[in-house]
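*Asks:*
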Amino acid sequence: MPRFSTAALSKILLLAILFLVSTITCSAQGTSTTGTVSISATVSKFVEISSGGSVTLTGNSGGGVITDGVTNSPLAVSINLGELGPSNTNSFVTALVPLKVRSNAGYVLSMSATVASSGSTTNKISAADVGFGLGTINRSGTGVNAGADTNATSGDPTLAANGSINGTTGRYEFTAVRSNLNAFSSATTALSGPFIMNAVPRSNGNGLTVPAFFAVKPQFFENGTTTISVTFTVTAP
Amino acid sequence: MFKTSKGILTTFAIAALLMMSAAVSYAQTTGSVTMTATVSNFVELTSSGAVTLTGNSGGSVITDGTANSPLAVVVDLGEVGPSNSNSFVKLSVPVRLRSNVGYQLNMVSSVAGAGATASSLKDTDVGFGLTPAARPANLAPGVDTNSTPGDPTVGGSTDVNGRWVFAGANSTLGAYAVSGAVLNGPRINKAVAANSATSLTFPAIFAIKPQFFDPAPAITITAQFTVVAL
């Protein structure tokens, strides 16, 4: 058992205190060698409808496209169908309006329409006299997802399969499912499908394109003026 | 006889005192102080200040960086889907390093909550890069090696599928699913006091190109930096 003098014990005690203080000081400095960056973000459902390009008006007598569609611009076309009475000898007056839809989620394209004619009899132009349908759906181009869409309309209303003359009244009728605007007096689904765009920037100009057909068979309608208003709405259910 | 003995004893006593005196004098004429010390490897990572968030739609800085404090920022980038029409959502995080030895800065990252389809936001959709400048004169001389291509919003293009691809190697968090070096170099500080403000500072940049990603309400991206001594 070694013997320590008072001086030696004092030195040992002092060193112990210094060591302790040193240890505490080092700990208190808390040198930081790591760091974190925590990031959160959101991808919301996105659906968009815009014009798919210029309107095509055929079979018209007089009339014309007043405000045309511009690709990738908001859809706000204005068309004068011209004469729809019997003086127009064409089989149909048809307006073909290209639509473009884009989404990162499943979508539903619905439509609502109103038809207001100045006439006062049953012979005035009504919603049932305005044929409607969506044509061939095109999902092509870089960044467009190859999904299967459901067309709730019967397609081109001028097709023979989609209408005929009523044998009793003689009036031409668009008879197929959702083939005239009467079926869209309130918002009704016209098209639906899975997400349209893959993970590409918004600047990618592609999307789902589909022509919307509007057709009127010139007939002995009551004379007057008619205003047809159609609103498309796309949603992500 | 008695007087003689007394004289002899006195002589011995004086001699003994002289010898003791001599011995004591010898012990007090020299002394030694022996000290030991250590300089350990020192590396330090802290924030270099407030972050910068641009191109965001919604979102905000939740916990900002504070210069010389531990780096622990929290940021909400907001909307990164197509409704955000900005070119990039970009986050710049200032980082500060100090060392008395060669260092290596590593990073590991993860992306969660974005979905699992091909159109979901992936770690490769989060651009990343450092943009360190040349060392100023008040730091130890040396060249830092940046393993990233720098600002991820520079360059880049769409691939054959139309998806945005950040330019260069190690330009996205996809390169850091496991810890990897992002920056390294020789000692940073000269022999200056520990409270010296001199340090190597640079921004760490994170960027996302808003795209038609799968909807995802709560995406979480985490990046952890660690600096080690070489």
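The listed protein sequences correspond, in order, to chains A and B. Going by the numbering used here, the letters in the first sequence line up with residues -2 to 234, in that order. Going by the numbering used here, the letters in the second sequence line up with residues 23 to 252, in that order. For every residue, glycine included, the Cβ atom is placed at its ideal position computed from N, Cα and C.
1) Nearest-angstrom Cα distance between Gly75 (chain B) and Ser201 (chain B)?
2) Suppose you measure from the CA of Ser19 (chain A) to the CA of Ala59 (chain B); what does that come to, to the nearest Å?
3) To which residues does DSSP link Met267 (chain A) through a beta bridge?
4) Give a yes or no on whether the C-beta atoms belonging to Val141 (chain A) and Asn101 (chain A) are separated by under 8 Å.
5) Give me the DSSP bridge partner(s) of Leu205 (chain B).
6) Are the beta-carbon atoms belonging to Leu127 (chain B) and Phe247 (chain B) less than 8 Å from one another?
7) Return the CA-CA distance between Val127 (chain A) and Ala212 (chain A), expressed in angstroms with no decimal places.
8) Between which two residues does the beta strand (DSSP E) containing Tyr198 (chain B) stretch?
9) CA-CA distance, Ser91 (chain B) and Asn148 (chain A)?
10) How many angstroms separate the CA atom of Leu222 (chain B) from the CA atom of Asn192 (chain B)?
11) Is there at least one Cβ from chain A nearer than 8 Å to Ser43 (chain B)'s Cβ?
12) Given this structure, state the Cα-to-Cα distance separating Gly79 (chain A) from Gly167 (chain A), to the nearest angstrom.
13) Should Asn69 (chain A) be flagged as near chain B, meaning a C-beta pair shorter than 8 Å?
14) For Phe224 (chain B), count neighbouring Cβ atoms within 10 angstroms of its own Cβ and tell me buried if that reaches 16, exposed if not.
15) For the putative contact between Asn159 (chain A) and Gly130 (chain A), defined by C-beta atoms under 8 Å, what is the C-beta separation to the nearest angstrom?
16) How would you list, in chain order, the residues of chain B whose beta-carbon sits under 9 Å from the beta-carbon of Pro198 (chain A)?
17) If you check the beta carbons only, do Lys42 (chain A) and Ala184 (chain A) fall under 8 Å apart?
18) I'd like the ranges of any beta strand (DSSP E) spanning at least 3 consecutive residues and lying wholly in the segment 55 to 115 of chain A.
19) Is the CB of Ile210 (chain B) under 8 Å away from at least one CB in chain A?
20) Between the beta-carbon of Thr146 (chain B) and the beta-carbon of Thr180 (chain B), is there less than 8 Å?
21) Look at the alpha carbon of Thr230 (chain A) and the alpha carbon of Val207 (chain A), and state the distance between them as a whole number of angstroms.
22) I believe Ala245 (chain B) touches Val65 (chain B) by the beta-carbon criterion, under 8 Å. Please report the beta-carbon distance rounded to the nearest angstrom.
23) Kindly list the residues whose CB is nearer than 6 Å to the CB of Phe16 (chain A), restricted to its own chain and excluding five residues on each side of it in sequence; keep chain order.
24) Do you know whose CA, among A:Glu45, A:Asn135, A:Ser88, A:Val105, lies nearest Ser58 (chain A)'s CA?
25) Would Gly100 (chain B) pass as a contact of Gly87 (chain B) if the rule is Cβ separation under 8 Å?
26) To the nearest angstrom, report how far apart Gly66 (chain A) and Gly138 (chain A) are at their CA atoms.
27) Considering only C-alpha positions, which residue in the set B:Phe235, B:Ile230, B:Asp236 is nearest to Asp98 (chain B)?
28) Val74 (chain A): which of A:Gly82, A:Tyr104, A:Val52 sits nearest, CA to CA?
29) Taking Cβ-Cβ distances shorter than 7 Å, what residues in chain A pair up with Thr242 (chain B)?
30) Identify the contact partners of Leu113 (chain B) in chain A, using a Cβ-Cβ distance below 9 Å as the criterion.
31) Determine, for Asn87 (chain A), whether the minimum Cβ-Cβ distance to residues of chain B falls below 8 Å.
32) Under the three-state reduction of DSSP, which class applies to Leu156 (chain A): helix, strand or coil?
33) For the beta strand (DSSP E) containing Lys112 (chain B), list its first residue and its last residue.
34) Using the Cα positions of Val130 (chain B) and Ala213 (chain B), report the straight-line distance between them to the nearest angstrom.
35) Asn135 (chain A) touches chain B at which residues, Cβ-Cβ below 7 Å?
36) Out of B:Phe234, B:Val133, B:Pro104, B:Asn217, state which residue places its alpha-carbon closest to the alpha-carbon of Thr28 (chain A).
*Replies:* Quick look at the numbers:
1) For the purposes of this step, residue 75 (chain B) is taken as residue 53 along the second sequence, with counting starting at 1. For the purposes of this step, residue 201 (chain B) is taken as residue 179 along the second sequence, with counting starting at 1. In the sequence under discussion, the amino acid at residue 75 (chain B) is Leu, which differs from the Gly named in the question. Spanning the two alpha carbons is a distance of roughly 25 Å.
2) To locate residue 19 (chain A), count along the first sequence from 1; it is residue 22. To locate residue 59 (chain B), count along the second sequence from 1; it is residue 37. Note on Ser19 (chain A): pLDDT 44, under 50, position unreliable in the model; no value is reported.
3) The displayed coordinates of chain A run from -2 to 234. Any statement about residue 267 (chain A) would go beyond what the structure contains.
4) Within the first sequence, numbered from 1, the residue matching residue 141 (chain A) stands at position 144. Within the first sequence, numbered from 1, the residue matching residue 101 (chain A) stands at position 104. In this structure, Asn101 (chain A) does not lie closer than 8 Å to Val141 (chain A) by Cβ.
5) Numbered from its first residue, the second sequence carries residue 205 (chain B) at position 183. Paired residues: B:Leu127, B:Asn168.
6) Taking the second sequence and counting its residues from 1, one reaches residue 127 (chain B) at position 105. Taking the second sequence and counting its residues from 1, one reaches residue 247 (chain B) at position 225. Yes, these two residues count as a Cβ contact at 8 Å.
7) Looking up residue 127 (chain A) in the first sequence gives position 130. Looking up residue 212 (chain A) in the first sequence gives position 215. Cα-Cα distance, rounded: 6 Å.
8) Here residue 198 (chain B) refers to the residue found at position 176 when the second sequence is read from its first residue. Neither: Tyr198 (chain B) is in no beta strand (DSSP E) and is coded neither H nor E.
9) The count along the second sequence starts at 1 and reaches residue 91 (chain B) at position 69. The count along the first sequence starts at 1 and reaches residue 148 (chain A) at position 151. Near 60 Å, if we compare the C-alpha coordinates of Asn148 (chain A) and Ser91 (chain B).
10) Translated into positions along the second sequence, residue 222 (chain B) becomes position 200. Translated into positions along the second sequence, residue 192 (chain B) becomes position 170. Cα to Cα, the separation comes out at about 21 Å.
11) Position 21 of the second sequence, counted from the first residue, corresponds to residue 43 (chain B). The predicted model places Ser43 (chain B) with a pLDDT of 49, which falls under 50 and marks its position as unreliable, so this point remains unresolved.
12) As a position in the first sequence, residue 79 (chain A) is number 82, starting the count at 1. As a position in the first sequence, residue 167 (chain A) is number 170, starting the count at 1. If you take the alpha carbons of Gly79 (chain A) and Gly167 (chain A), they lie about 23 Å apart.
13) As a first step, residue 69 (chain A) must be located in the first sequence, where it is residue number 72. Closer than 8 Å: no.
14) On the second sequence, position 202 is the one that residue 224 (chain B) refers to. Buried, since its Cβ has 16 or more Cβ neighbours within 10 Å.
15) Counting from one through the first sequence, the residue named residue 159 (chain A) turns up at place 162. Counting from one through the first sequence, the residue named residue 130 (chain A) turns up at place 133. That pair is a contact at about 7 Å.
16) Stepping through the first sequence from its first residue, residue 198 (chain A) is reached at position 201. The contacting residues are Pro104, Ser109, Thr180, Gly184, Arg185, Trp186, Lys231, Pro232, Gln233, Phe234.
17) As a position in the first sequence, residue 42 (chain A) is number 45, starting the count at 1. As a position in the first sequence, residue 184 (chain A) is number 187, starting the count at 1. No; because the gap between Cβ atoms is not below 8 Å, this pair is not in contact.
18) 61 to 64, 75 to 77, 90 to 100, 104 to 114
19) As a position in the second sequence, residue 210 (chain B) is number 188, starting the count at 1. So, not an interface residue.
20) Taking the second sequence and counting its residues from 1, the one referred to as residue 146 (chain B) is at position 124. Taking the second sequence and counting its residues from 1, the one referred to as residue 180 (chain B) is at position 158. Contact flag unset, no.
21) In the first sequence, the residue the question calls residue 230 (chain A) occupies position 233. In the first sequence, the residue the question calls residue 207 (chain A) occupies position 210. The alpha-carbon atoms of Thr230 (chain A) and Val207 (chain A) are separated by roughly 14 Å.
22) Against the second sequence, residue 245 (chain B) aligns to sequence position 223. Against the second sequence, residue 65 (chain B) aligns to sequence position 43. Going by Cβ atoms, the distance from Ala245 (chain B) to Val65 (chain B) rounds to 18 Å, so no, they are not a contact pair.
23) On the first sequence, position 19 is the one that residue 16 (chain A) refers to. With a pLDDT of 45 at Phe16 (chain A), under the threshold of 50, the modelled position of that residue is not reliable, and the figure given next carries that caveat. For Phe16 (chain A), where only same-chain residues beyond five positions count, there are no Cβ hits under 6 Å.
24) Looking up residue 58 (chain A) in the first sequence gives position 61. The option with the nearest alpha carbon to Ser58 (chain A) is A:Ser88.
25) Translated into positions along the second sequence, residue 100 (chain B) becomes position 78. Translated into positions along the second sequence, residue 87 (chain B) becomes position 65. Contact flag unset, no.
26) Your numbering for residue 66 (chain A) matches position 69 in the first sequence. Your numbering for residue 138 (chain A) matches position 141 in the first sequence. Rounded to whole angstroms, Gly66 (chain A) to Gly138 (chain A) spans 20 Å at the Cα level.
27) Mapped onto the second sequence, residue 98 (chain B) falls at position 76. For Asp98 (chain B), the nearest C-alpha among the options comes from B:Ile230.
28) By 1-based counting over the first sequence, the position of residue 74 (chain A) is 77. Considering only alpha carbons, the answer is A:Val52.
29) Numbered from its first residue, the second sequence carries residue 242 (chain B) at position 220. Ordered by position in chain A, the residues that pass the 7 Å Cβ test against Thr242 (chain B) are Ser37.
30) By 1-based counting over the second sequence, the position of residue 113 (chain B) is 91. Simply Val34, Ile36.
31) Position 90 of the first sequence holds residue 87 (chain A). For Asn87 (chain A), the answer is no, since every Cβ of chain B falls outside 8 Å of its Cβ.
32) One-based indexing of the first sequence puts residue 156 (chain A) at position 159. Residue state, collapsed to three classes: coil.
33) For the purposes of this step, residue 112 (chain B) is identified with residue 90 of the second sequence, where counting begins at 1. Residues 111 to 121.
34) Indexing the second sequence from 1 puts residue 130 (chain B) at position 108. Indexing the second sequence from 1 puts residue 213 (chain B) at position 191. In a straight line, the C-alpha of Val130 (chain B) is about 31 Å away from that of Ala213 (chain B).
35) Taking the first residue of the first sequence as 1, we reach residue 135 (chain A) at position 138. Going along chain B, no residue has its Cβ under 7 Å from Asn135 (chain A), so there is no contact; the nearest lies around 16 Å.
36) Locating residue 28 (chain A) in the first sequence gives position 31, counting from the first residue. Minimum Cα distance to Thr28 (chain A) is reached at B:Asn217.
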